[in-house]
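First comes the structure, then the notes that go with it.
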Amino acid sequence: MTNPVLLSLLMVTASTLAASAAQAAEPIPEPVIPAQVDRRDVHIPKIRANDVEVGAFVGILSVQNFGATRSAGLRLGYHVTEDFFLEGTYGRSKVSDQSYRQLGIPIFSSEEIPLSYYYLSVGWNLFPGEVFLGKGWAMTSAVYLVGGVGNVNFNKENHTAFNVGIGIRVLPSDWFSMRFEMRDQMFTSDLLGKNELKHNFEMTLGAAAYF
Amino acid sequence: MRRVHAGHEYVDELRFSVRKGTAEGSRHDTHKDKPSRFAEWCVCVLVAFALPAFADESRERVLVADPYLELHTGPGRAYPIFDIAERGERVEILVRHTDWFKVRTAREKEGWVSRAQMEATLTDAGEKKTFRDVLLDDYLSRRMEIGFAFGSLNHDPLLSAYTGYRLHENIDVELTIAQSAGDFSTTSLYYVSIVSQPFPDSRWSPFLALGAGRFTNVPKATLVSAIETKGGLANAAIGLRYYVTRQFFVRVEAKKHVALIDYNRTDDFTELSAGAAFFF
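In order, the protein sequence lines correspond to chains A and B. Take 1 as the starting number for the first sequence in my numbering and just add one per residue. Take 212 as the starting number for the second sequence in my numbering and just add one per residue.
What follows is the structure, given as structure tokens:
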């Protein structure tokens, strides 16, 4: 009962398989030029950047009509290009109405009240240069202008404020800087009856590290 | 702190340069034999600062492919060029500050090289890959951004700061905090937004944003019957970014805030602001 067609098909298949098996057994010819694959170790260089500046400062803040007091604060800056940097500043100080109290007209609830401020500013390195120590050493420096907007809070009130300043920064090393800065913090206040622009000068000495 | 070149060092270099046949015209050196007492004292005080902040074990090296690299005394275009690294020389990259790279040459000289010149160098990873490609990869891999803006919220001054993260080529997520100190009250806002940029590769890139968050309004203490208001906040914005450099941009936006004061009361505010931001 075997089908002759099926039988012949089977035989053909078997012979083809045998032929391919014989072919596979033949040795592969060796390449004329052996490939020498030498893989390079590809990696993206990690270069330490120090564009972020974190620092602290101490100084004297003079609040218009209320005398001058010590101030201290923190700075966080980012150097975008060699010319420009962005900077956030937060500072604290105190305001005293002592001179008004002596006249019997207290302004605040207590003689000395806290003051805090923050600013977001843009800085411009106006005069980059070098500072020479004696004959043998030099460090990079810059005279910069800074200006920005922020907020001054005292006597439980927020005042939108502007600040402009000038400073000098010197870098004893690539990761450390020191600076001396003067800035004017301006805001309008109606605390003494009349709504007017107040100028508040601050002089600070700061130190910062670059990351 | 950089050591100003001493006299004998200068002579040595001169010999080297004569041997190499390089020009000596633009040298910036001070002839001197010994630093003064004052300088020595300063060295003692400041030596601690001169110590490297972090110890880098494996520093990157690149191969100079241009005729030479110019070494400046500081990270800026105006600082004098005091030395060079020649073609074929390998230099070690110590640190980057904005667009300037501090390198150390094979002759142990340290100076600052501009990005434009560094881009022409070749990396150790492969002769085919220039350092320029590496820098481009570095910029494209930056996903975080920080910015601030100043504007008006219904005619009161508004100050805001935000941080953003790039989820996708076109989509950013941003967290914003803002404060508006007006004549009668202070409003504080914080909200999260989803920002869509249809043309992120364009130098002028428009964007649309939708956000939700909270607000607090505190009236001035001197006002009569002043009560603090708190509530939910939703907003929609349209704006435009302009890329000043690859990592720094300015942006302007118009935003409509809807304050959800209670179940049956809402109020809306219009914000117009301009600001600057950068990637890092």
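Even glycine gets a Cβ: it sits at the ideal position worked out from N, Cα and C.
| Query | Result |
| --- | --- |
| Per-residue burial, G104 of chain A [other beta carbons within 10 Å of its own, 16 or more giving buried] | exposed |
| Runs of beta strand (DSSP E) lying entirely within the segment 341-387 of chain B, each at least 3 residues, in chain order | 355-364 and 367-377 |
| Counted within 10 angstroms of its Cβ, other Cβ atoms place N195 of chain A as buried (16 or more) or exposed | exposed |
| Contact with chain A by A327 of chain B, beta-carbon distance below 8 Å | no |
| Beta strand (DSSP E) segment containing A56 of chain A, residue limits | V52 to S62 |
| Selected residue, minimal CA-CA separation from V461 of chain B, among B:A448, B:F361 and B:H379 | B:F361 |
| Cβ shell of G424 of chain B (< 7 Å), same chain only, five flanking positions each side left out | L400, Y401, Y402, V403 and L444 |
| Reduced DSSP secondary structure (H/G/I, E/B, other) of S110 of chain A | coil |
| Short CB-CB distance (under 8 Å) between K466 of chain B and chain E | Considering every chain present, this structure includes no chain E. Its protein chains are A and B. |
| Beta-carbon gap between H308 of chain B and H159 of chain A smaller than 8 Å | no |
| Distance, G91 of chain A Cα to M182 of chain A Cα | 14 Å |
| Classification of F85 of chain A by the beta-carbon crowding that lies within 10 angstroms, buried from 16 upward | buried |
| Sufficient close CB pairs (3 or more, under 8 Å) joining the segment 59-77 of chain A to the segment 448-457 of chain B | no |
| Per-residue DSSP class, three states only, for M329 of chain B | helix |
| Exposed unless 16 or more other CB atoms sit within 10 angstroms - verdict on Y119 of chain A | buried |
| Rounded distance between the beta-carbons of V58 of chain A and F154 of chain A, thought under 8 Å | Not confirmed; about 19 Å, so no contact. |
| Reduced DSSP secondary structure (H/G/I, E/B, other) of S484 of chain B | strand |
| C-beta neighbour in chain A for G375 of chain B, strict 8 Å | no |
| From B:M329, B:A488, B:F489 and B:I357, residue whose alpha carbon lies closest to that of L153 of chain B | A question about residue 153 of chain B goes unanswered here, because the residues of chain B that appear run from 212 up to 491. |
| Option in B:D277, B:G322, B:H366 and B:F312 with minimal Cα separation from T332 of chain B | B:D277 |
| Supposed contact pair V215 of chain B and G136 of chain A - C-beta distance, whole angstroms, cut 8 Å | 6 Å |
| Cutoff 8 Å: Y78 of chain A Cβ touching any chain B Cβ | yes |
| Other residues of its chain near A142 of chain A: CB distance less than 8 Å, five sequence neighbours each side excluded | N125, L126, F127, P128, G129, I168 and R169 |
| Closest Cα partner of K198 of chain A within the set A:Q102, A:D184, A:R101 and A:L205 | A:D184 |
| Minimum Cβ-Cβ distance from F418 of chain B to chain A less than 8 Å | no |
| Alpha helix (DSSP H) segment containing K99 of chain A, residue limits | A small fix is needed here, since residue 99 of chain A is Ser in this sequence, not Lys. Note, S99 of chain A: alpha helix (DSSP H), Q98 to Q102. |
| is_contact[E130 of chain A, chain B] using C-beta, thresh 8 Å | yes |
| Sequence-distant residues of the same chain with beta carbon closer than 6 Å to P286 of chain B, five excluded per side | H308, W311 and W323 |
| Presumed contact (8 Å Cβ cut-off) between P368 of chain B and A392 of chain B, rounded CB distance | 7 Å |
| Of the listed residues B:I438, B:I382 and B:S396, nearest to S416 of chain B (C-alpha basis) | B:I382 |
| Beta strand (DSSP E) segment containing N158 of chain A, residue limits | E157 to S173 |
| Residue span of the beta strand (DSSP E) that contains E181 of chain A, given as start and end | F176 to S189 |
| For L451 of chain B, three-class secondary structure by DSSP | strand |
| Local Cβ density within 10 Å of D51 of chain A, reported as buried at 16 or more and exposed below that | buried |
| CB contact check: M186 of chain A to chain B, cutoff 8 Å | no |
| Neighbour flag for D97 of chain A against chain B, beta carbons, 8 Å | no |
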